[in-house]
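Each residue of the sequence shown is one higher than the one before, starting from 563 at the first, in our numbering.
Cβ coordinates follow ideal geometry from the N, Cα and C atoms, glycine included.
A short write-up of the structure that comes next.
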Amino acid sequence: MNAPLYRIPGVPAAAAPADTPAPQAPVATDGARSMGEVLAQSQVEPVLAELERDLVGLAPIKARIRDIAALLVIDKLRANLGLTSQAPPLHMSFTGNPGTGKTTVALRMAQILHRLGYVRQGHLVAVTRDDLVGQYIGHTAPKTKEVLKKAMGGVLFIDEAYYLYRPDNERDYGQEAIEILLQVMENQRDDLVVIVAGYKDRMDTFFQSNPGLSSRIAHHLDFPDYSEGELMQIAQKMLTEQHYRFGDGTHEAFERYLAQRLTQPHFANARSVRNALDRARLRQASRLFADRERELTADDLCTLAPQDILASRVFRQGGAA
Ligand SMILES: Nc1ncnc2c1ncn2[C@@H]1O[C@H](COP(=O)(O)OP(=O)(O)OP(=O)(O)O)[C@@H](O)[C@H]1O
Ligand SMILES: [Mg+2]
């Protein structure tokens with residue numbers, strides 16, 4: 563049910579041509595007078611329920627999103643009664659460590675904004691500095707404008723947004739991209755929502771140096787790291803989605819894996835869990851492949867054994883994979 567995620571540049575053409583985002587059902591909340599009517603007409607509740615169900619943990623983030631949705635529903639009712647004329651400020655900042663769910667939640671946010679009629683299409687365009695900033699004079703403005711054109715009617719998600727600002731280099735073109743972004747954030751806020759994302763401390767410094775940007779961000783969401791218990795639940799969810807399961811003793815092996823991996827560098831929360839499971843599946847495949855004579859049952863094909871986890875480099879001195 564996810565809205566399409568456009569990565570620029572280099573989107574596989576088959577995924578969806580980036581210039582022509584798939585049209586989605588129009589949202590008709592005009593004329594609604596009660597909360598129930600707006601919620602029923604906009605279909606925002608199923609998205610909130612899905613968010614609740616599909617994502618492990620993230621209680622403070624889920625609560626903030628419900629608050630934002632409530633604010634938007636009330637704003638719709640006020641607009642229908644002629645009490646509001648301007649779109650509410652909706653630009654956001656998502657801070658947190660790698661793999662804490664920022665991109666995943668941004669996709670859901672795009673759906674919610676679309677269902678409530680705040681953006682026409684509800685697609686998400688995810689970019690980094692290199693997609694916005696050119697290498698040579700005169701290249702940045704057309705690059706940034708092209709990205710903005712693609713994102714119009716949806717959400718522009720700028721990952722590691724602080725790389726746009728390089729105070730050490732006076733003639734850095736990032737500043738040019740920031741200025742264009744600021745104008746569009748102000749003037750076209752009824753059709754484009756910008757979400758900047760990245761590490762919290764770096765984002766704070768970035769905002770301090772760019773008060774214009776900071777003052778245009780209405781909602782700051784700070785994504786916590788997952789606990790070990792939550793990471794185990796995320797692992798279970800990922801396995802179930804892919805029709806795999808832990809065999810006897812594998813759950814414990816994966817707990818040991820996580821405890822060890824957490825102490826090593828570059829730990830990236832749910833992303834590290836996904837990568838670890840991908841590698842466990844590779845090891846399972848090699849294990850089954852090696853046994854040519856055996857007839858493989860569905861159970862064999864679906865089950866990860868403890869050794870598929872315990873063979874990880876993480877258990878060797880100094881390993882980090
Ligand atoms: N709460 C969660 N429940 C289930 N799966 C999750 C959760 N959070 C993240 N994931 C999964 O973990 C992976 C990484 O999440 P995501 O890409 O959203 O994180 P991110 O914060 O954007 O990371 P990065 O900083 O690396 O871009 C995705 O495959 C996502 O589906
Ligand atoms: Mg991300």
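Burial state of residue i (16 or more Cβ within 10 Å)
{"i": "Gln697", "result": "exposed"}
{"i": "Phe816", "result": "buried"}
{"i": "Phe851", "result": "exposed"}
{"i": "Ala713", "result": "buried"}
{"i": "Gly598", "result": "exposed"}
{"i": "Ser834", "result": "buried"}
{"i": "Thr702", "result": "buried"}
{"i": "Ala584", "result": "Reliability of the predicted coordinates at Ala584 is poor, the pLDDT of 45 falling under 50, and no value is obtained from them."}
{"i": "Thr859", "result": "exposed"}
{"i": "Leu801", "result": "buried"}
{"i": "Ile871", "result": "buried"}
{"i": "Gly644", "result": "exposed"}
{"i": "Ala688", "result": "buried"}
{"i": "Ala621", "result": "exposed"}
{"i": "Ala739", "result": "buried"}
8 Å contact criterion, which residue i and residue j should meet: CB distance rounded
{"i": "Val717", "j": "Val681", "result": "7 Å"}
{"i": "Thr885", "j": "Arg778", "result": "Outside the shown range of the chain (563 to 883) lies residue 885, about which nothing can therefore be said."}
{"i": "Pro785", "j": "Thr690", "result": "At residue 785 the sequence reads Phe, which differs from the Pro that was named. Not a contact, Cβ separation roughly 18 Å."}
{"i": "Ile699", "j": "Val667", "result": "Not quite, the Cβ-Cβ distance comes to about 37 Å (not below 8 Å), so this is no contact."}
{"i": "Pro660", "j": "Asn831", "result": "7 Å"}
{"i": "Leu783", "j": "Arg626", "result": "5 Å"}
{"i": "Lys707", "j": "Ile742", "result": "7 Å"}
{"i": "Leu726", "j": "Val746", "result": "So it is not a contact: roughly 14 Å between Cβ atoms."}
{"i": "Gly619", "j": "Tyr761", "result": "Between Tyr761 and Gly619 the Cβ distance is about 19 Å, and since that is not below 8 Å, they are no contact."}
Of the listed residues the options, nearest to residue i (C-alpha basis)
{"i": "Leu775", "options": "Thr802, Gly736, Leu744, Lys711", "result": "Leu744"}
{"i": "Asp592", "options": "Asp752, Asn837, Leu678, Gly809", "result": "Leu678"}
{"i": "Glu748", "options": "Ala632, Arg691, Leu652", "result": "Leu652"}
{"i": "Thr657", "options": "His781, Thr865, Leu669", "result": "His781"}
{"i": "Ser604", "options": "Gly619, Gly644, His676", "result": "His676"}
{"i": "Arg843", "options": "Leu783, Asn659, Asp862", "result": "Asp862"}
{"i": "Arg628", "options": "Asp692, Leu610, Glu803, Gln798", "result": "Leu610"}
{"i": "Asp664", "options": "Glu857, Thr825, Leu617", "result": "One detail in the question is off: residue 664 reads as Lys in this sequence, not Asp. Ranking the options by Cα distance to Lys664, first place goes to Leu617."}
{"i": "Asp753", "options": "Ala649, Arg626, Arg595, Leu858", "result": "Ala649"}
{"i": "Arg875", "options": "Arg626, Arg818, Ala860", "result": "Arg818"}
{"i": "Gln798", "options": "Arg856, Ser848, Ala838, Ala830", "result": "Ala838"}
{"i": "Arg751", "options": "Leu639, Ser647, Val635, Asn642", "result": "Ser647"}
{"i": "Gly736", "options": "Leu620, Asp692, Lys762, Asp637", "result": "Asp692"}
{"i": "Arg764", "options": "Tyr788, Gln795, Pro729", "result": "Pro729"}
{"i": "Arg894", "options": "Arg733, Thr767, Gln804", "result": "With the chain covering 563 to 883 only, the question about residue 894 has no answer from this structure."}
Sequence-distant residues of its chain with Cβ nearer than 7 Å to residue i (five each side left out)
{"i": "Phe877", "result": "Gln822"}
{"i": "Ala873", "result": "Arg845"}
{"i": "Ile630", "result": "His781"}
{"i": "Glu614", "result": "Lys624"}
Beta-carbon proximity list for residue i, same chain, < 6 Å, skipping 5 on both sides
{"i": "Pro868", "result": "Gly811, Thr812, Ala815"}
{"i": "Val758", "result": "Ser655, Ile720, Ala723"}
{"i": "Leu820", "result": "Glu790, Leu793"}
{"i": "Glu607", "result": "Leu601"}
{"i": "Leu634", "result": "Leu678"}
Other residues of its chain near residue i: CB distance less than 8 Å, five sequence neighbours each side excluded
{"i": "Ala672", "result": "Ala565, Val681, Gly684, His685, Leu686, Gly716, Val717, Val755"}
**Q.** Quiz: which residues have CB nearer than 7 Å to ligand 2 non-hydrogen atoms
**A.** Near ligand 2, residues with a Cβ at less than 7 Å from any of the ligand's heavy atoms are Lys664, Thr665, Asp721, Ala759; the list follows chain order.
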